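Top line first, the protein sequences correspond to chains A and B.
Counting in full-length UniProt numbering, the first sequence runs from 1 upward without gaps.
Counting in full-length UniProt numbering, the second sequence runs from 1 upward without gaps.
Even for Gly, the Cβ is constructed at its ideal location relative to N, Cα and C.
Please read all numbers here as calculations on a predicted model, not as lab measurements.
Number of protein chains: 2
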Amino acid sequence: MNYFSSDFKLGILGGGQLGKMLLYNTRKFDIYTCVLDNSNEAPSRLACNKFVKGDLMDFDTVYNFGKQVDVLTIEIENVNVQALEKLEKEGVKVYPSAKTLRGIQNKATQKLFYLDHNLPTAPFSRFAYLSEIEDAIDNGGLSLPFVWKAAQFGYDGNGVKIVRQLSDLNDLPKGECIAEQLIPFKNELAVIVARSSRGETKTYPVVEMEFHPEANQVEYVICPARISPEVAKKAQEVALKTSEAYNHIGLLAVELFQTEDDQILINEVAPRPHNSGHQTIEASYTSQFEQHIRAILGLPLGNTQNKVGGIMVNLVGAENHTGPVKYENIETIMAMEGVTPHIYGKKETRPFRKMGHVTIVNENLDTARQIAEEVKNSIKVISQ
Amino acid sequence: MNYFSSDFKLGILGGGQLGKMLLYNTRKFDIYTCVLDNSNEAPSRLACNKFVKGDLMDFDTVYNFGKQVDVLTIEIENVNVQALEKLEKEGVKVYPSAKTLRGIQNKATQKLFYLDHNLPTAPFSRFAYLSEIEDAIDNGGLSLPFVWKAAQFGYDGNGVKIVRQLSDLNDLPKGECIAEQLIPFKNELAVIVARSSRGETKTYPVVEMEFHPEANQVEYVICPARISPEVAKKAQEVALKTSEAYNHIGLLAVELFQTEDDQILINEVAPRPHNSGHQTIEASYTSQFEQHIRAILGLPLGNTQNKVGGIMVNLVGAENHTGPVKYENIETIMAMEGVTPHIYGKKETRPFRKMGHVTIVNENLDTARQIAEEVKNSIKVISQ
Numbered sequence: 001m002n003y004f005s006s007d008f009k010l011g012i013l014g015g016g017q018l019g020k021m022l023l024y025n026t027r028k029f030d031i032y033t034c035v036l037d038n039s040n041e042a043p044s045r046l047a048c049n050k051f052v053k054g055d056l057m058d059f060d061t062v063y064n065f066g067k068q069v070d071v072l073t074i075e076i077e078n079v080n081v082q083a084l085e086k087l088e089k090e091g092v093k094v095y096p097s098a099k100t101l102r103g104i105q106n107k108a109t110q111k112l113f114y115l116d117h118n119l120p121t122a123p124f125s126r127f128a129y130l131s132e133i134e135d136a137i138d139n140g141g142l143s144l145p146f147v148w149k150a151a152q153f154g155y156d157g158n159g160v161k162i163v164r165q166l167s168d169l170n171d172l173p174k175g176e177c178i179a180e181q182l183i184p185f186k187n188e189l190a191v192i193v194a195r196s197s198r199g200e201t202k203t204y205p206v207v208e209m210e211f212h213p214e215a216n217q218v219e220y221v222i223c224p225a226r227i228s229p230e231v232a233k234k235a236q237e238v239a240l241k242t243s244e245a246y247n248h249i250g251l252l253a254v255e256l257f258q259t260e261d262d263q264i265l266i267n268e269v270a271p272r273p274h275n276s277g278h279q280t281i282e283a284s285y286t287s288q289f290e291q292h293i294r295a296i297l298g299l300p301l302g303n304t305q306n307k308v309g310g311i312m313v314n315l316v317g318a319e320n321h322t323g324p325v326k327y328e329n330i331e332t333i334m335a336m337e338g339v340t341p342h343i344y345g346k347k348e349t350r351p352f353r354k355m356g357h358v359t360i361v362n363e364n365l366d367t368a369r370q371i372a373e374e375v376k377n378s379i380k381v382i383s384q
Numbered sequence: 001m002n003y004f005s006s007d008f009k010l011g012i013l014g015g016g017q018l019g020k021m022l023l024y025n026t027r028k029f030d031i032y033t034c035v036l037d038n039s040n041e042a043p044s045r046l047a048c049n050k051f052v053k054g055d056l057m058d059f060d061t062v063y064n065f066g067k068q069v070d071v072l073t074i075e076i077e078n079v080n081v082q083a084l085e086k087l088e089k090e091g092v093k094v095y096p097s098a099k100t101l102r103g104i105q106n107k108a109t110q111k112l113f114y115l116d117h118n119l120p121t122a123p124f125s126r127f128a129y130l131s132e133i134e135d136a137i138d139n140g141g142l143s144l145p146f147v148w149k150a151a152q153f154g155y156d157g158n159g160v161k162i163v164r165q166l167s168d169l170n171d172l173p174k175g176e177c178i179a180e181q182l183i184p185f186k187n188e189l190a191v192i193v194a195r196s197s198r199g200e201t202k203t204y205p206v207v208e209m210e211f212h213p214e215a216n217q218v219e220y221v222i223c224p225a226r227i228s229p230e231v232a233k234k235a236q237e238v239a240l241k242t243s244e245a246y247n248h249i250g251l252l253a254v255e256l257f258q259t260e261d262d263q264i265l266i267n268e269v270a271p272r273p274h275n276s277g278h279q280t281i282e283a284s285y286t287s288q289f290e291q292h293i294r295a296i297l298g299l300p301l302g303n304t305q306n307k308v309g310g311i312m313v314n315l316v317g318a319e320n321h322t323g324p325v326k327y328e329n330i331e332t333i334m335a336m337e338g339v340t341p342h343i344y345g346k347k348e349t350r351p352f353r354k355m356g357h358v359t360i361v362n363e364n365l366d367t368a369r370q371i372a373e374e375v376k377n378s379i380k381v382i383s384q
């Protein structure tokens, strides 16, 4: 098929920030794009050829949207999978496939998939209701502490909690969940794998999440991770194996733990461009967004290596600030070497809301890390 | 002024490819943009917040458009300058200024400006009508060969001709023109200077145009130029001095000749992002488009150095092909290391029409140059 012609149409389910960054690259290749999103204010609305407002979880809406396009992809997992199944049967190319998406949407199913495919992950138990966890503890089938994860609709730290005592269960959603063994780890890593509809695969360098020593929040995504080549290789192999097990087409972001004894365990996966790959825009030969497009269109994959070291800092709303947003000291950080802010354009800030990200690139990763800290200490996302 | 808020509006005169690439960066910074263009099919229409169709040469159209924005810039020189003058008087920030634009729009005025400011350029004579050239030759005031240049509205090689014999004058436009001494040169170079509304200046590395040995057409833009550090320094100094002489704000692309005896002469300038800077998207720490926005908004300028070596190849329509465009072997070039095609989305090709460009980046510039040649030999822009 000739993608570089007006006959071809690419559909994207979801019109958020990831979709927006994806669209920069469709413009570069002059690919005709249609976007479906729940909100008329979706950031992707600018830069797509055709925007449709509609419910991403509604069968008819997704089906009717998908019928208009040749290739359909997502930038958010919570979409109607039944509609995708029907579209696939009727010849629309859907990447990720309905089957993969269904297997990933539910974290219990995701974990069972790893077990079935001999992919390393922390031991866990699955529960249909939260109340069953209490029963399991009572009868000795589960012991504290453990990590509770909602099976569905968790995002950005929502839907995950370390349970150290019974009372920690009090405020949790009552539905399907898993209890995962709490495994001490040295590093939280991630690897993005690109796999094209022609079967070509490439992995990006391993990235490392550096946590704030007290707040236990990811402060920096560092690429490449400061780990041994052996551990990096193992992490890339696990990620590649995961992508192949899913027979996945497009990007698969694989979040990993490096345990104290250098085992690599899969935490979770996302079948799309991912927060852990934002630094690829400035640091890599091929950004994750361009790569996703190359992969789902069956174009040759681009070079995944870094041109320079890259660090990503999330821009989140400051505590105690709710209201119309103001970016304090943004000019200060723009004066620093190799610093690019990405402002998502949300009008209102609130504590910890993700409002943008900043990339810092430098030939020397240690220098980039120092500048990243200056960035973090300078910019504030506050209310006006 | 807070640019990162919905109160601020940036206006762009012209909605072509340069505007489109400029808009990617306004989106990254979430800057509200308005675009005026003659055509409803303008590539910038997607990705701006507000699109206005209207004649860029019409006083009222440009004035009314400009009144709606805080900062006004251009992506094409041929706009109504009287309207810009009135807008400036009424407080709109116009970059480039009406005065600079007026001085640049007319090539005779441009050349006189260089003389007045001791900026090096090839000797020339100015003529109100083409017929005066013949008179000058007749009375010995001008001798063949020389370079004829139309004073106004030349573009892409149009409006420039080497006159070796009287009959070469036959088909030329009859209006205002200059006759420039034909000076043999070793290299055609270009330097982009960024100068911000706060007076900060930065120059990009010197680029080199490599010509086809027979066709006398620019084949490759190579960054950095393969010239001595002394010549590079001299070229950057001339470019910087030119930008300062114009008191210019924004990007100024300065096209230069390196003569046989290593003099640097100004050929012409463009007060905006420029074809000679397209490789900055992939090769530089800061793309020329982001830099133009930083400059006109008075934000700190970004690093102009290369991350890696960059080469740009123009994608022009093949000879003997007119009609709906097809990009032959685009997948072949996308499989090559560090190659990014930029397709402009024009529906129809014709011989030598500029249909896009391809960037090739590599740590090693010689390798990039080899790959660029493979690109050039592979891709064909033909009709379907």
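Taking 8 Å as the threshold, the shortest C-beta distance from Gly309 (chain A) to chain B does not fall below it. Under a 10 Å Cβ-count criterion, Met57 (chain A) is classified as exposed, with fewer than 16 other Cβ atoms of the shown protein chains found around its own Cβ. Annotated as proximal: Phe8 (chain A) and Tyr32 (chain A), with beta-carbon spacing under 8 Å. Closest option to Ile178 (chain A), judged by alpha-carbon separation, among A:Glu134, A:Tyr204, A:Leu119, A:Asp366: A:Glu134. Put simply, the CB of Arg350 (chain A) is far from chain B, with every gap to its CB atoms at 8 Å or more. The Cβ atoms of Leu13 (chain B) and Ile104 (chain B) do not sit closer than 8 Å to each other. Think of a sphere of 7 Å around the beta carbon of Ala335 (chain B): the chain A residues whose beta carbon falls inside it are Pro300, in chain order. For the region 24–41 of chain B, the residues whose beta carbon sits under 8 Å from a beta carbon of chain A are, in order, Tyr24, Arg27, Lys28, Phe29, Asp30. Classified as exposed, Ile162 (chain B) has fewer than 16 neighbouring CB atoms from the shown chains inside 10 Å of its CB. Using a Cβ-Cβ cut-off of 8 Å, His274 (chain B) does not count as an interface residue toward chain A, since no Cβ of chain A sits closer than that to its own. Exclusion of the five residues before and after Lys93 (chain B) leaves Val71 as the residues of its chain whose Cβ lies within less than 6 Å of its Cβ.
Runs of the alpha helix (DSSP H) lying entirely within the region 72–133 of chain B and spanning at least 4 residues, in chain order: 81–89, 98–105, 107–116. Of all alpha-carbon atoms in B:Arg369, B:Lys380, B:Lys376, the one lying nearest the alpha-carbon of Arg350 (chain B) is that of B:Lys380.
Of the candidates B:Val361, B:Phe185, B:Ala83, B:Glu282, the residue whose Cα lies closest to the Cα of Asn267 (chain B) is B:Phe185. When the five nearest sequence neighbours on each side are left out, the beta carbons in the same chain lying within less than 7 Å of the beta carbon of Ile296 (chain A) are those of Val71, Thr73, Tyr95, Ser197, Ile249, Gly250, in order along the chain. Contact between Leu130 (chain A) and Leu84 (chain A) is ruled out by a C-beta separation of about 29 Å, above the 8 Å threshold. A Cβ of chain A is located within less than 8 Å of the beta carbon of Glu331 (chain B). Rounded to whole angstroms, the Cβ separation of Ile360 (chain B) and Ala372 (chain B) is 5 Å, and the two are in contact under 8 Å. With respect to the C-alpha of Val339 (chain A), the residue from A:Thr304, A:Lys376, A:Lys326, A:Met355 having the closest C-alpha is A:Lys376. Listed along chain B, the residues sitting closer than 8 Å to Ile343 (chain A) by beta-carbon distance are Phe4, Lys28, Phe29, Asp30. Ala47, Cys48, Asn49: these are the residues of the region 47–64 of chain A whose beta carbon lies less than 9 Å from some beta carbon of chain B, given in chain order.
Across the set B:Gln110, B:Ala128, B:His321, B:Thr61, the C-alpha of B:Gln110 shows the shortest separation from the C-alpha of Pro120 (chain B). For the pair Ala335 (chain A) and Pro300 (chain B), the CB atoms are nearer than the 8 Å cut-off.
Apart from sequence neighbours up to five positions away, the residues of its chain that approach Thr242 (chain A) with a beta-carbon distance below 7 Å are Leu119, Leu252, Val254, Ile266, Val269, ordered along the chain. Rounded to the nearest angstrom, the gap between the Cα atoms of Phe65 (chain B) and Ser276 (chain B) is 29 Å. Residue pairing for Phe51 (chain B): DSSP places it in a beta bridge opposite B:Val35. For Lys20 (chain B), the chain A residues whose C-beta falls within less than 8 Å of its own C-beta are Arg27, listed in chain order. Assigned with DSSP and collapsed to three states, Leu10 (chain B) falls in strand. Using a Cβ-Cβ distance cut-off of 8 Å, the region 231–247 of chain A and the region 208–222 of chain A are not in contact, since fewer than three pairs of beta carbons, one from each stretch, lie closer than that value. Asn314 (chain A) counts as buried, since at least 16 other C-beta atoms from the protein chains shown sit within 10 angstroms of its C-beta.
If you check the CB distance, Ala47 (chain B) and Gly16 (chain B) do not come in under 8 Å. Contact annotation: in the region 279–293 of chain A, residues whose CB is within less than 7 Å of a CB in chain B are Tyr285. For the region 194–205 of chain B, no residue has a beta-carbon sitting nearer than 7 Å to a beta-carbon of chain A.
Residue environment analysis places Gly310 (chain B) among the buried positions, since at least 16 neighbouring C-beta atoms fall within 10 angstroms of its C-beta.
DSSP places Gln181 (chain A) inside the beta strand (DSSP E), whose first and last residues are 177–181. Shown here for Gln236 (chain B): same chain residues with a beta carbon closer than 7 Å to its own, the five before and five after excluded, namely Val191, Thr203, Val206 in chain order.
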